[in-house]
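Novice: Before anything else, here's the structure in question.
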Amino acid sequence: MFQRWITLDDVRAVLAQGEVIEERPDDLPYQSRLVLGYAGGRALHIVVADNKQDDETIIVTIYEPEPAQWLPGFKRRRSP
11 MFQRWITLDD
21 VRAVLAQGEV
31 IEERPDDLPY
41 QSRLVLGYAG
51 GRALHIVVAD
61 NKQDDETIIV
71 TIYEPEPAQW
81 LPGFKRRRSP
């Protein structure tokens, strides 16, 4: 996060206003989801896991999606 110049405020903004673009119910040890949102004018993806037993949300990773790998709007991956 810090290496990518993404702040905690950016994370909070994306999680508060972002859109879930993928559900990953088979991820282990917790189900996860991919959230797309915008902070400071840039698109960000956050992979979030939910530990429902302990009522906690875990940030797995956060990054700026690469335009070469995603269709415009960053909601769907390009075909290989």
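Using the working numbering, the first residue of the sequence shown is number 11, and each one after it goes up by one. Cβ atoms here follow ideal geometry from the backbone N, Cα and C, with glycine treated the same way. Since the structure is predicted, the reported quantities are computational estimates derived from the model, not experimental observations.
Would you report the Cα separation of leucine 44 and glutamate 32, rounded to the nearest angstrom?
Specialist: If I take the Cα positions, the gap works out to 5 Å.
Novice: Cα-Cα, which of Ser89, Asp19, Phe84, Tyr40 is closest to aspartate 64?
Specialist: Nearest option by C-alpha distance: Tyr40.
Novice: Let me know if aspartate 20 comes out buried or exposed under the rule of 16 or more other beta-carbons within 10 Å of its beta-carbon.
Specialist: Burial call: buried.
Novice: Starting from the C-beta of glutamate 29, find all residues in its chain whose C-beta is less than 6 Å away, skip the five residues before and the five after it, and write them out in chain order.
Specialist: Within the same chain, glutamate 29 has close Cβ partners Leu46.
Novice: For a test of the three-state rule: what should DSSP assign to alanine 87, helix, strand or coil?
Specialist: Looking at the sequence itself, residue 87 is arginine, so the reference to alanine does not match. Residue state, collapsed to three classes: strand.
Novice: So, for methionine 11: in the same chain, excluding its five sequence neighbours on each side, which residues have a beta-carbon less than 6 Å away from its beta-carbon?
Specialist: Excluding positions up to five away in sequence, the list reads Ile72.
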